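Participant:
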Amino acid sequence: MATGERIMFRGGKVWDGRADSAVEADLLVEDGVVRAVDRGGLSAVGEALEIDASGGTMIPGMIEAHGHLSFPVVTYAYHIEDTPPEETVLITMHNAKRLIDAGFTGVIGAGSPRIRSEIVIRNEIDAGLIAGPRLMASTPTLTATGGLNDSGQLHQQRLVAALVCDGPDEIRRAVRLCYREGVDVVKLNISGDDFFPRPDGRVTTMAEDEVAMACAMARELGLLVAAHARSAESVKRAVRCGVTIIHHADFCDEEALDMLEGAKDRIFVTPSIGYYHGLIHYSGMSDEMLAGMKVREGMDANIATHKALHERGVRMLIGGDYGLPFMPNGLNAQDVAHLVDYIGLTPVEALRAATWHGGLAMGKGTGLLVEGAPADLLLCNGDPTQDAAIVADAAKLRVIMKGGRLHKAPDGLRAAVAGAA
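Each residue of the sequence shown is one higher than the one before, starting from 1 at the first, in full-length UniProt numbering.
See below:
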C-alpha cells in the first residue's frame, strides 16, 4: 500500500507512548505520518481506507535497541566468525523480516560481524525492496586485543567478528573506515563477558583514551555510540567519555550508579535481562554449566543494578541480546514483560522503554503516536498498557504499520492491500 494512502483507525484505543494509559480515540494516517488523533471521534475525512480497531489498542511500533540482526540462527552450522559474507547478508535480511513481523519498526544495531552486513540491508529496506524495520546499521564491535570478540590466536589465521583496535589511532581509523562505508552506530566492547572463558564481565578491557577517541570521532561524524559494559569501571568510562547507550551494566558499584543518574538526561541503559532468562530457561545448559558461567550471579547483579537505576529515573531501552541459538530474533518483545517481571517496571513504563525511549535514542522522531509523528504503529488485541505480555504474541498484533505502509493487516484487508501494493 502506497505511503500516500489515507488510513483511518476507528473504534479502538490509542496509547501515545508517553501517557499513563490508553484512551478511546480515532487515528488518521496520511502521507506516512499520523495526521490526527481525536478522542471525540474523527468526522468524515474524505476518501480513506477504514480499519476497525474495536477491542484493540494502537501503540507506537517497538524499537529493539540491542539489535544483532547478523547473528546466525540455529539452522546455520557456522560460528559467527566463520559465516561467509554471502550467508551473513542473507541472515541479516531474514532477521530483519522476523523483527518487523514481531512488531519492531525500529532497530538500533549493536554489532555486526561484517562492516557492510547491516548497511546493505538497511539500504534495501529504505528503498522498499525488502521488508524490515528502520535500521541503524552498526559497526562490528570495536574491541581491544584480548577483549570480547577477539577470538584470534597466534597459531591460527582467522577472521574475527570484531575490529581489533589498540590505542586511539587505531580506534580513530576504524571509526572513520566504518563511517565511510555507511554505518550509523559505533559499538564498543569496553568489558568482557561471562559467556566466554576470558575476559569475564568484571574485567575492563578497553582503555579510557580508546573509548574517548571513539566517542570524539563519532560526535564529529554524527554517529551514535553504544557500548557493551558489564564491569563497574567500563560503565564509568562509558559515561565519562559520552557513550549514549550502555548495554548490560551488570556489576555497577555505587559510584557507577551515581554517574549514570547524573547523566540520565543523555544516556540510556539496556538491562538485557532476556540474555539471562534465555540462558537459564532455553539454553539446555546444566546447573553445573550455568554455575561455571556465573549466570545466576550475573542475573542477580543485573536485576539489582537496574532496580536501582529505575528508582533513580535512568531511562531504559529493551534489547536482550536476541540472536543467539537459544533465543533467536523474533522473540525480542519478551523483553517488555521481563522489565515488569524482573526489574519491577509497570507495563506502561516497560512499553515506554520499547517505544518512546527507543525513539529518543534513534533520534528519528519515532516512538510516539502524536500528530506529525511517523506512522509506525501496532494495533494490538486488548490493552498492552495493562498486560505487557500482549506484545510478545505476534498473533495478537492485528496491524503492523511502518511509515504509513501496512506490513500486516486484518484478514478483511488482505486482498485490498495486495491490490494496492
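C-beta: ideal position from N, C-alpha, C; glycine also.
Computed from a prediction, not measured in an experiment: that's the story for all the values here.
Touching or not, the segment 274-292 and the segment 208-227, by the rule of three or more beta carbon pairs under 8 Å?
Facilitator: no
Participant: How far does the beta strand (DSSP E) with Asp52 in it extend, from its first residue to its last?
Facilitator: Leu49 to Asp52
Participant: Throw me the rounded Cβ distance for the Ala162 and Thr141 pair, which I believe falls under 8 Å.
Facilitator: 5 Å
Participant: Less than 7 Å separating the beta-carbons of Cys252 and Val269?
Facilitator: Taking 7 Å as the Cβ cut-off, Cys252 and Val269 do not qualify as a contacting pair.
Participant: By Cβ distance below 6 Å, which residues in the same chain neighbour Leu257 in space, the five residues on each side in sequence not counted?
Facilitator: So the list reads Ala308, once near-sequence residues are dropped.
Participant: Under the DSSP definition of a beta bridge, which residues are partnered with Val37?
Facilitator: Leu27
Participant: Which full runs of the beta strand (DSSP E) of 3+ residues lie inside the segment 128-167, going along the chain?
Facilitator: 134-136, 141-143 and 162-164
Participant: Less than 7 Å separating the beta-carbons of Leu28 and Met8?
Facilitator: yes
Participant: Short check: CB of Val391 to CB of Val336, under 7 Å?
Facilitator: yes
Participant: Considering only DSSP beta bridges, list what Ile171 is partnered with.
Facilitator: Answer is none; Ile171 lacks a bridge partner.
Participant: Looking at Val53: is its Cβ nearer than 7 Å to the Cβ of Leu379?
Facilitator: Note on residue identity: the sequence assigns Ala, not Val, to residue 53. Yes, the pair counts as a contact, with Cβ atoms nearer than the cut-off.
Participant: Can you find the residues in the same chain that come closer than 6 Å, C-beta to C-beta, to Pro410, ignoring five residues on each side of it along the sequence?
Facilitator: Arg398
Participant: DSSP three-state call for Asn302: helix, strand or coil?
Facilitator: Assigned with DSSP and collapsed to three states, Asn302 falls in helix.
Participant: Within this structure, are the beta carbons of Gly56 and Asn329 separated by less than 7 Å?
Facilitator: no
Participant: Are the beta-carbon atoms of Glu81 and Val160 separated by less than 7 Å?
Facilitator: yes
Participant: If I follow the unbroken alpha helix (DSSP H) through Cys241, where does it start and stop?
Facilitator: Ala232 to Cys241
Participant: With DSSP as the reference, identify every bridge partner of Ala229, one or two as the case may be.
Facilitator: His248
Participant: What separation, rounded to the nearest whole angstrom, lies between the Cα atoms of Ala333 and Ala102?
Facilitator: 7 Å
Participant: Might you give, ordered along the chain, the residues of its own chain that have their beta carbon closer than 7 Å to the beta carbon of Asp383, omitting 5 neighbours on each side?
Facilitator: Lys13, Ala22 and Thr57
Participant: Which term fits Val137, buried or exposed, when burial requires 16 or more other beta carbons within 10 angstroms of its beta carbon?
Facilitator: Checking the displayed sequence, the identity of residue 137 turns out to be Ala instead of Val. Classification for Ala137: buried.
Participant: Pull up the distance between the alpha-carbon of Asp31 and that of Lys402, whole angstroms please.
Facilitator: 12 Å
Participant: Which same chain residues, not among the five before or five after Asp20, have their C-beta less than 7 Å away from its C-beta?
Facilitator: Val348
Participant: With Ile171 and Glu210 assumed to form a contact (beta carbons below 8 Å), what rounded beta-carbon distance in angstroms separates them?
Facilitator: 5 Å
Participant: Have a look at Glu87 and Arg198 and give me their C-alpha separation to the nearest angstrom.
Facilitator: 28 Å
Participant: Taking all protein chains shown into account, decide if Ala416 is buried (16 or more other Cβ within 10 angstroms of its Cβ) or exposed.
Facilitator: Its pLDDT being 48, under 50, Ala416 is placed unreliably by the model, and nothing is read from it.
Participant: Any chance the segment 314-330 sits against the segment 362-373, with 3 or more Cβ pairs inside 8 Å?
Facilitator: no
Participant: Looking only at its chain, what residues have a beta carbon closer than 8 Å to the beta carbon of Val185, apart from the 5 residues adjacent to it on each side?
Facilitator: Ile108, Gly109, Ala110, Met136, Ala137, Ser138, Thr139, Leu223, Leu224, Val225 and Ala226
Participant: Beta strand (DSSP E) containing Val107: first to last residue?
Facilitator: Phe104 to Gly109
Participant: On the DSSP bridge list, what partners appear for Met62?
Facilitator: Phe104
Participant: I need the straight-line Cα distance from Arg98 to Thr355, nearest angstrom please.
Facilitator: It is roughly 18 Å from the alpha-carbon of Arg98 to the alpha-carbon of Thr355.
Participant: Given a cut-off of 7 Å, decide if Arg114 and Pro85 are closer than it, judged by their beta-carbon atoms.
Facilitator: Contact check for Pro85 against Arg114 passes: the beta carbons are separated by less than 7 Å.
Participant: Please name the residue, chosen from Met206, Arg202 and Val340, that lies closest to Asp166 on a Cα-to-Cα basis.
Facilitator: Met206
Participant: Looking at the secondary structure, which residues open and close the beta strand (DSSP E) in which Ile390 lies?
Facilitator: Segment: none, Ile390 is in no beta strand (DSSP E) and carries neither H nor E.
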